[in-house]
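Undergrad:
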Amino acid sequence: MSQAREQSIIDEFIAESCEHLDAIEPHLLALEQEGEQVPLEIVNRVFRAAHSIKGASGFHSFKPITKLSHVMEGVLDLFLKGKTNVDVDKVDALLAGMDKLRAMIEAPQSCDQIPFGDELERLRAILDEHRTVPQRNPENVPGSNAEPKKEPKAEARGMTFSWVTENDKATETKITTAPRDFPEGQGSAKVELNVAGPSPLGIVSFEIDPQRIAGVPANMEFHAAWVYPESDLKKKGRSLQEFLTQVASFGECLASNMNVGSASERGDKPKNDVYCVFFATILEVDLMSKILDIPPEQMSAIETSAVEAARAQASMSSTRTDPPKPSCEYQALPKTLANSPAPTRETIRIGVDLVDRMMNLAGELVLGRNQLRQNLEKLVYENPKLGHVMQNVDVVTSELQENIVKMRLQPVGKLFNRFPRVVRDTSRKLFKEAELVLEGLEVELDKSILESLSDPLIHMIRNCLDHGIEPPEQRARIGKPRAGQIRLGALHEGGQVIITIADDGAGIDGDKVVEKALSDGAVEADHVRTMTQDERLELIFLPGLSTAKAVSDVSGRGVGMDVVKTNIEEIGGHIEIESVPERGTTIHIRLPLTLAIIPSLIVGAGGQRFAIPQVNVQELVCVRAGDASHKIEMLGDVEILRLRERLLPIVSLTRTLNLESEFIHPSTGPQVTDRMEWLADHRPPAPIPTEAATEPPLCQCQAHENCDDCPQHPESDINIVVLRVGVNRIGLGVEELFDTQEIVVKPLANHVKDCQCFAGSTIMNDGSVAMILDATGMAESAGLRFAEIRAEERRREKHEARIEESRSCNQQSILVFNNALEECFALPLGDVSRLEITDPQRIERIGEQEFVAYRGEGLPLVYLHKFLPVRPTAKNGDELYFIIPKNKRSMVGIVASRILDTIETDVTIKKDAAMARGLAGSAIVDGRLTMFLNVDEILDLYEEGEGTGNALASPVPGVS
Amino acid sequence: MQYITFRIDHRLLGVDVLMVREINRVLDITPVQHAPEYVRGLVNLRGQTVTIFDLGVRLGLAPRKIGEESHNVVLKSHTVGLLVDSIGDVVKTKKHDVEPPPANMGGIQGAFVSGVAKLEEELLMILSVRKILERSGGEQ
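Respectively, the protein sequence lines represent chains A and B.
The numbers in this note's numbering rise by one with no breaks, and the one at position 867 of the first sequence is 1049.
The numbers in this note's numbering rise by one with no breaks, and the one at position 130 of the second sequence is 135.
#1: Leaving out five residues before and five after K629(A) in sequence, what residues of the same chain have Cβ atoms less than 8 Å from its Cβ?
#2: Determine, for G65(B), whether the minimum Cβ-Cβ distance to residues of chain A falls below 8 Å.
#3: Check whether the Cβ atoms of G86(B) and V48(B) sit closer than 8 Å, and answer yes or no.
#4: Taking 8 Å as the threshold, find out whether the segment 94–105 of chain B comes into contact with the segment 1109–1116 of chain A through three or more Cβ pairs.
#5: Can you tell me where the alpha helix (DSSP H) holding L1150(A) begins and where it ends?
#6: Using Cβ-Cβ distances below 8 Å, what residues of the segment 943–954 of chain A are close to chain B?
#7: How about D14(B) and D90(B): do their beta carbons lie closer than 8 Å?
#8: Give the interface partners of D33(B) over in chain A, defined as CB-CB distance under 7 Å, in chain order.
#9: G237(A) versus chain B: which residues are under 9 Å apart at the beta carbon?
#10: Using 8 Å as the limit for Cβ to Cβ distance, is G52(B) near chain A?
#11: If L1050(A) sits next to E1032(A), beta carbons under 8 Å apart, how far is it from one beta carbon to the other, in whole angstroms?
#12: Indicate whether R306(A) and S431(A) have their beta-carbon atoms separated by less than 8 Å.
#13: Would you mind telling me which residues of chain A sit closer than 8 Å to V62(B), beta carbon to beta carbon, in chain order?
#14: Using a Cβ-Cβ cut-off of 8 Å, state whether H209(A) counts as contacting chain B.
#15: For T1084(A), which residues from the same chain have a beta carbon less than 8 Å from its beta carbon, with the 5 sequence-adjacent residues on both sides left out?
#16: Return helix, strand or coil for E760(A), following the three-state DSSP convention.
#17: Measuring only between beta-carbons, confirm whether Q368(A) sits less than 8 Å from chain B.
#18: Residues of the segment 603–623 of chain A with a CB closer than 9 Å to any CB of chain B: list them in chain order, please.
#19: Hey, is T56(B)'s beta-carbon within less than 8 Å of any beta-carbon in chain A?
#20: Against P68(B), what residues of chain A qualify as contacts under a CB-to-CB distance less than 8 Å, listed in chain order?
#21: Under 8 Å between the Cβ atoms of I954(A) and F940(A)?
#22: Where are the beta strand (DSSP E) runs, 3 residues long or more, that stay fully inside the segment 84–124 of chain B, in chain order?
#23: Which class does R420(A) belong to by DSSP, given the choice of helix, strand or coil?
#24: So, is C804(A) buried or exposed, given that buried needs 16 or more other C-beta atoms within 10 angstroms?
#25: Going by alpha carbons, who is nearest to E617(A) out of H233(A), Q790(A), R603(A), A1105(A)?
#26: I'd like the ranges of any alpha helix (DSSP H) spanning at least 4 consecutive residues and lying wholly in the segment 1005–1057 of chain A.
#27: How many angstroms separate the CA atom of Q480(A) from the CA atom of K472(A)?
#28: Would you identify the three-state DSSP class for L64(B), choosing helix, strand or coil?
#29: In or out: R1016(A) buried (at least 16 other Cβ within 10 Å) or exposed?
#30: Counting along the chain, where does the alpha helix (DSSP H) carrying E278(A) start and finish?
#31: Since G125(A) contacts A684(A) with CB under 8 Å, what's their CB separation in whole angstroms?
#32: As a quick exercise: from L32(B), K123(B), P106(B), L80(B), pick the residue whose alpha carbon is nearest that of M6(B).
#33: Hey, how far is the Cα of P290(A) from the Cα of V587(A)?
#34: First and last residue of the alpha helix (DSSP H) that includes P654(A)?
#35: Which partner residues does N77(B) have in the DSSP bridge list?
#36: Look at the alpha carbon of R227(A) and the alpha carbon of E255(A), and state the distance between them as a whole number of angstroms.
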């Protein structure tokens, strides 16, 4: 049991220390930016955080952590005192130390196995450089009160400590800077401690509440300090109050002989012009004296044993309960510290499982309330008071649920604030300059989403730096500011959170991406040729693609963007990329607010309700039953809707899920099973859409053919939910549309996990279970093949573009090929039906005629050199091309040794009298003389059997 | 050993009482398409979704018709409930009253039966909860 307790204490230590580290980082970076005029406030905060870690680790005796944090503290102290300026190297060293510290803190029990010599040396080197700190062995950091150490200096000056039980009434005043009040009735017995001060002062007596001494953590040591108002306060421009605050921020101020209020305000001077402060701290004398900025001679360490003895004696007279545990120093900070860190909200740590359970219960409470309300409604008439009560319960329940949901939300700032460090380190590594602008830090996201965002964001930011932002010299050359800018922002939009990462770098070169994808074999050449710029950019999400020339520390291994995409999609997000060359790249990530609650559209089919996550819904389309111009059409055995001149594949939810379709008869009411299998309108296509309206339409229920009233009933309309599936769209035909609801996602149970149509289940307001549809799964289940659709679209786009082009500049597409190696021939593409490739081994001969098997028939091959005055076909290894001309007469293959290209050209073909039959003319294409063939004439020649070939018409049956 | 007994048609079946979380009549079952046939659907049990198995189908019999006596036997593990025709008593048996399934008991039912308890009036087939929950067990 005690072990479990110990573990929980250690866990606490880990969590707290990590928080401190998190707090240090941004401040360190800020320090570096500020450079010369470092605001002391920031240094102070860092210092305190480092110090807290040191203290806590000392308490748990994690020596290495204490050691390292102590040195870091020392360096920070140099900053604090302005003894050295803050520069990149020092911050580097500190950051490195911090990282090591984090590693150690995360596994404190085995922290001594983590080597940290390098970091330590680096930090020590800084300390040594500015030898203001008498080098002390960091191991002496107080970790126990076993053997109190004496200050050698103090001894040398012959100071003595003694404790007496008598008061020295002349110097004694009340403690006024007490961070906490004594508990009532326990402040009566005081410990009196007399300390020998510097010569003019003699023995100073402090009156201390023993409770407070007992409350001092074991790792603190007791000190007394003498403060001269003239030299220590006035000259250094601080008031007594400030001095005490300083003391309080580094330890526990236990007693002082000054009445702050009177001393500082009325200018009263204490006896002998010196203030005495008695305090406990974890710091050593020399460090403390530097922090407080008073000479070390004015401080003296007091043996713990002496204090303990005094306390023991005092407590003999009065018994009391256990002393309260001292609170953290932060809380003891007086509120008067004007520029103290922004007021921190009080927080407690709660396990996520507890929050989840509460969320579940709150959901149940809402359901219970709904049922209660239904049942109470009748009673409200009898007892009107019930209405108020119910309303109250209503509001409270809703608020309760809302707030519990909020418990899981955390500001993105928590995540974003890690990135300045990433940018700094990475840009230094890459010798680039960049600044990170953070926006929308207050936007809140579910904790688990935030956590899984971290890696993708780091990756993308590194990408920005590595590939996006140009080196400073280059930027200067092209007129951009030397330092690149990366903007990382978050904003709410329509129930989603959009995270934007934008850089002003070089942008992504779509062509380069394509080139790389081609050489990797990730895509095919003719596929790429028809791609739009956006589609080219999307290639970077392909696995294994990297345009980096060399694998660097930062990137170039190519695992990046596809992992990013997968990660984002796993948490229900969606990633888009846009890039303008020379201007920069912007990446948008759309995320749901929480993983657990998502706004969804509720649809019905087959009497069942389903939820579709709003993220997946692009739009809703209603196909009016009476409107024949916008109808669902059959295309083969699939259904298609023409939506804004694009074909939208329609998938029926009922059919995909094999549900029994339900049809509510518009006039008679009762539900009957809909016998209609397809959503498509089977009416013959209307010749002109406008006339279609007058045509008597078929009724949805086929039992009432040609009844005119049915189409007027909205029940006969078909509701289409247009779903986003990646970049594709599908239309999901549903029978009913309900409203949108915020639903709580419950993962699918083990036994139903394999149903690819569903992403999960949820419990509706009325307590019933509804399934959540998965758009991707639906598309797969319905057998949609998007890649092909897209390819077809591209082909069409390109084709149209080509037609457009040729129309505008009178161009002609030609196919250029070789027969003999040096001789170029061309055919207008319009004359070519197909281009085939074959293995010369598969050519068969009958007599002189060669044939090749093509589509189950023998295709006679035509060798140009047999009919035209040209050189014979070059033997080109194991490939032979043949061109099948578009022809009405006989089907032949014109043999080519190599296909060069298809090109757009507007050359004019010249023909002279000497041109042989079979040639259309010649032209210079791409600087080479190219002979244009006349297919008709060649076929004539072939059929006439001219040249050396046999004058045979095709002897093979089946060839026309 | 104590068993919760229930019936599928006329068959008397039982599971270890320690494996059962509760017996209820939450019969608003949401079907899950494309799921294995023996999965009748999901119900909401106080905010938790419970997968309901049609025990009839699981045992290779006809799907259950939900009637007056239909109940869900919700198991402790895996949040799975078994839809049965009716609920019987909790019976106590002595160890020597339980025998391994007889040799001629094969087929799908045999695969799920871990033993047979000889009660005074009739025989009780004791089902193995583990086998019922196994995803590959029985017919899919």
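Where is the CB? At the ideal position from N, CA and C, for every residue including glycine.
TA: Judging by the given coordinates:
#1: V534, R590, L591, Q592
#2: no
#3: A contact, by the Cβ cut-off of 8 Å.
#4: No, the segment 94–105 of chain B is not in contact with the segment 1109–1116 of chain A.
#5: The structure shown does not extend to residue 1150(A), since chain A spans only 183 to 1142, so no value can be given for it.
#6: S943, I945, G949, S950, V951, A952, M953
#7: yes
#8: S950
#9: Ordered by position in chain B, no residue passes the 9 Å Cβ test against G237(A), which lies about 45 Å from the chain.
#10: Output row for G52(B): interface = yes.
#11: L1050(A) to E1032(A), Cβ: 17 Å. No contact.
#12: no
#13: Under the 8 Å cutoff, chain A gives no residues; its nearest Cβ is about 12 Å from V62(B).
#14: no
#15: S995, I996, L997, V998, L1011
#16: strand
#17: Its pLDDT being 41, under 50, Q368(A) is placed unreliably in this model, and the value from its coordinates should be taken loosely. Judged by the 8 Å Cβ criterion, Q368(A) is not in contact with chain B.
#18: none
#19: yes
#20: Residues of chain A passing the Cβ test: none, with the nearest at roughly 15 Å.
#21: yes
#22: Assignment of beta strand (DSSP E) within the segment 84–124 of chain B, counting only whole runs of 3 or more residues, yields 85–89, 91–97, 118–123 in chain order.
#23: coil
#24: Exposed: under 16 other Cβ atoms inside 10 Å.
#25: Per the Cα distances, R603(A).
#26: 1046–1049
#27: 11 Å
#28: coil
#29: exposed
#30: It is worth fixing the name first, because residue 278(A) is Ala in this sequence and not Glu. Run containing A278(A): 270–288, per the alpha helix (DSSP H) assignment.
#31: Since the first and last residues shown for chain A are 183 and 1142, residue 125(A) lies out of range.
#32: K123(B)
#33: Approximately 33 Å between the Cα atoms of the pair.
#34: 654–659
#35: N29(B), L88(B)
#36: 11 Å
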